[in-house]
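Colleague: Structure provided below as structure tokens; questions to follow.
Protein chains in written order, with my numbering: chain A, 39 to 452; chain B, 39 to 452.
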């Protein structure tokens, strides 16, 4: 009997061809959800699905599913689903999301070309609006699919350009008839570039993703008193800039230091007013991004920040208000799937490690309705959401080989 | 024999009248050096000097001197000089500088109205471009007068509007004939609002100024690496924002804490790039304003900052460059003059303290060529360079009474 074999050439060619859609002369491409360029990407994907003679379904939120039928129809035996997304941020790389969708097609192609009908159906999915650039929230298509957001709310989402998501779906011809969630897979697998520097830094080929870390986003607004930097004694100052700096330093030096391999904290945005060399800042606006794969530790970090804010506000005589911008609990992935991925990487002679995903992915939504796992390949310098996003072709192929092998094992394990 | 007595009404009326020149409907006034509105202020001042029948001299940098002749001509017995400036920042209060110049006129008026010819000449001076808004450096007129900057360099200064200072002096009619520094006083006295909150906070009426603190201004530019806040482990970060926060916190928590009543440190300006919630800052640009009345401690603060910069750059893997923007050594004032001011305040029943000046003043330049001291009156909430700058009329009068009495003592002490 034939064995499904990966066709590396077609996979790489499709990644490049999809990357050309919405491309700018400077090297990046922009296919923001439900725009004309993203429609062109969808049309190309659907055409490739047709070439594989897949049963194509589009659901009411625009998620695209290409079904390779199995010996038993998917309505009778829960299928295996792989997927990701093909929408992009502005001026993006060619790999984020697209790699996972096209690798899923490459797995289906391997079965088609080997003439093998799998025991269960194999589905490749492309979820709508993973990036959340135009419509909030991000990971919307998979969230709706998994029942975490009702369809009407999603369709009524108003974009940054004032458009209604449902209208744009109709306009581009991807308001499908299938009910979101209609096909519940037995397992969901997502292959993705790491979008972080860990695998490259450790010279490893495969990341076995243990889950997606929890996220806590806050905006802090600190109100002090503007005064002359030369004439105001320290004891009479209410320095919003100092309070902001003390908070940012505390997060790294105390909160992160307590769990340096688990807790992340970033103050990426900080603005002082009036922002003059010789004027004590009247106001400071800052963001705090904290992440942890462990919910207990994330809550501990939030509590320590809150306590420090209260202490510094009291000590410096400033007012500090905080606004929660986002909060997601950590999502652990399926242990058995992680074991299979890890064993497969070892069998293929690929160096690997277990690791948490720092970024959000459709997989974390699909984990609500099916055993789920992810496979990572290295990202050069951890760069993503940028035209300089890069993974070597050999590494892309290695990831797809792991995916193909894991799929084979899952289908065989009946 | 008559005694010189202060005429409070005329002093306050002149402060208000000068404050009306260049005034906006919203309450502030703008008389930036050598503009039409500042020329109008100069013309008004000169007219008031004429009313007192002063001998008016203008030097080549535009400093204005009103000489009340003494028994002995100033060419033979070094005169007593008082002064300050009448140029303003944009949207300023009515007191900064103007109070000192008009109080000097009030002292001269007291002698005129009492019919008393002082033993030595009494001079009221208004120095050009103290604020340095349009032309750099600030305190320019007094700096040139004291020999700290050559006349040609000052005349060739190019303004923020592209104008040449010397041309503007000619245009407004204040390019005088006297050589700067031609009249060397025996002592220089400057009465000024505190521009800080100390006297008000301690409920005191008079500040006996011990000197002007030293100033060290630096701009720091920190270059790290932009990376995803969720996918980049702390050990692989080069976070310019964290380095900036650590420096700002260090300055307060370590450098200032070592000498809390002497060293000041302010990070008033801080900007992150790209300044996004989920992106580790690639670059941080910040300013450091450090001040100390003691040169040794100021150098110690600079050294500790430099050492910390080197340590954090090494630890965080970022590059930090520093640029010196300004550096002035502390200027101590004359001990005998301080003693006289302090004794006078006590005799007049005014509460008082010795204190350092946090801001720069013409007095610090004049201290190069004559024994110099300053008298402070309270500034409400420490506000200056702002239409809300305020000192109660009674406090303004108290300061002028001290000045008048000190002048009397100095002239009697022959």
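Note that beta-carbon positions come from the ideal geometry of N, C-alpha and C, so glycine has one too. Everything numeric in this text was worked out from a predicted model, so none of it was measured.
Alpha carbon to alpha carbon, what distance is there between residue 246(A) and residue 158(A)?
Modeller: 24 Å
Colleague: Along the chain, where does the alpha helix (DSSP H) that runs through residue 357(B) open and close?
Modeller: Careful: residue 357(B) lies outside any alpha helix (DSSP H), inside the beta strand (DSSP E) at 357-366.
Colleague: Run down chain A in chain order and give the residues with a C-beta less than 8 Å from the C-beta of residue 397(B).
Modeller: 266, 268, 269
Colleague: Since residue 327(B) meets chain A, which of its residues come closer than 8 Å, beta carbon to beta carbon?
Modeller: 267, 268, 315, 316
Colleague: Under a CB-based cut-off of 8 Å, is residue 261(A) close to chain B?
Modeller: no
Colleague: Nearest to residue 117(B) by alpha carbon, out of 408(B), 442(B), 208(B), 431(B)?
Modeller: Relative to residue 117(B), the option among 408(B), 442(B), 208(B), 431(B) whose CA is nearest is 408(B).
Colleague: Is any beta-carbon of chain A found at less than 8 Å from that of residue 232(B)?
Modeller: Cβ-Cβ to chain A under 8 Å: yes for residue 232(B).
Colleague: Any beta carbon of chain B sitting closer than 8 Å to that of residue 290(A)?
Modeller: yes
Colleague: Who are the Cβ neighbours of residue 395(A) in its own chain at under 6 Å, not counting the five residues just before and after it?
Modeller: Once the five neighbours on either side are set aside, the close Cβ partners of residue 395(A) are 247, 250.
Colleague: Output the distance between the C-alpha atoms of residue 43(B) and residue 197(B), rounded to the nearest integer angstrom.
Modeller: 42 Å
Colleague: What's the call for residue 155(B), buried or exposed, on a 16-neighbour Cβ count within 10 Å?
Modeller: exposed
Colleague: Straight-line CA distance for residue 303(B) to residue 261(A)?
Modeller: If you take the alpha carbons of residue 303(B) and residue 261(A), they lie about 19 Å apart.
Colleague: Return yes when the Cβ of residue 119(A) is within less than 8 Å of the Cβ of residue 163(A), no when it is not.
Modeller: yes
Colleague: Going by the CB atoms, is the gap between residue 422(B) and residue 58(B) shorter than 8 Å?
Modeller: no
Colleague: For residue 152(B) and residue 46(B), what's the separation of their Cα atoms in angstroms?
Modeller: Rounded to whole angstroms, residue 152(B) to residue 46(B) spans 15 Å at the Cα level.
Colleague: Tell me the DSSP secondary structure of residue 31(A) in three-state form.
Modeller: For residue 31(A) there is no data in the structure shown, the boundaries of chain A being 39 and 452.
Colleague: Comparing alpha-carbon positions, which option in 49(B), 378(B), 129(B), 410(B) lies nearest residue 69(B)?
Modeller: 129(B)
Colleague: At the level of alpha carbons, what is the spacing between residue 166(A) and residue 406(A)?
Modeller: A direct Cα-Cα distance of roughly 17 Å separates residue 166(A) from residue 406(A).
Colleague: Output, in chain order, the set of chain B residues within a Cβ distance shorter than 7 Å of residue 272(A).
Modeller: 294, 298, 302
Colleague: Starting from the C-beta of residue 376(A), find all residues in its chain whose C-beta is less than 8 Å away, skip the five residues before and the five after it, and write them out in chain order.
Modeller: 246, 247, 248, 392, 411
Colleague: Does residue 194(B) pass the burial test, meaning 16 or more other C-beta atoms within 10 Å, or should it be called exposed?
Modeller: Taking all protein chains shown into account, residue 194(B) has fewer than 16 neighbouring C-beta atoms within 10 Å of its C-beta and is therefore exposed.
Colleague: Can you tell me the Cβ-Cβ gap for residue 79(A) and residue 49(A), rounded? I've got them flagged as a contact below 8 Å.
Modeller: Contact doesn't hold; Cβ gap of about 16 Å is too wide.
Colleague: Report yes if the C-beta distance between residue 177(A) and residue 398(A) is below 8 Å; otherwise report no.
Modeller: Using a Cβ distance threshold of 8 Å, residue 177(A) and residue 398(A) count as a contacting pair.
Colleague: Check residue 328(A) in the structure and name its three-state DSSP category.
Modeller: In this structure, residue 328(A) counts as strand in the three-state DSSP scheme.
Colleague: Going along chain A in order, which residues have a C-beta closer than 8 Å to the C-beta of residue 236(B)?
Modeller: 269, 271, 274
Colleague: Name the DSSP beta bridge partners of residue 121(B), please?
Modeller: 163(B)
Colleague: Could you say if the segment 208-215 of chain B and the segment 432-448 of chain B meet the contact criterion of at least three C-beta pairs nearer than 8 Å?
Modeller: no
Colleague: Strictly by DSSP, which residues pair up with residue 226(B)?
Modeller: Partner(s): 119(B), 410(B).
Colleague: Under the three-state reduction of DSSP, which class applies to residue 75(A): helix, strand or coil?
Modeller: helix
Colleague: Kindly list, in the order they appear in chain A, the residues whose Cβ is closer than 8 Å to that of residue 239(B).
Modeller: 274
Colleague: Taking its Cβ as the centre, do 16 or more other Cβ atoms sit within 10 Å of residue 427(A), making it buried, or is it exposed?
Modeller: Buried, since its Cβ has 16 or more Cβ neighbours within 10 Å.
Colleague: Beta-carbon within less than 7 Å of residue 202(B)'s beta-carbon, same chain only, minus the 5 sequence neighbours each way: which residues are those?
Modeller: 194, 196
Colleague: May I ask you to check if the CB of residue 148(B) is nearer than 7 Å to at least one heavy atom of the ligand FMN?
Modeller: Ligands are entirely absent from the displayed structure, and the ligand FMN is therefore not among its contents.
Colleague: Taking the C-alpha atoms as reference points, what is the distance between residue 175(A) and residue 224(A)?
Modeller: 26 Å
Colleague: Closer than 8 Å by C-beta to residue 364(A): which residues in its own chain qualify, once you throw out the five before and the five after it? Chain order, please.
Modeller: 253, 254, 255
Colleague: Report the option in 41(A), 420(A), 438(A) whose CA atom is closest to the CA atom of residue 236(A).
Modeller: 420(A)
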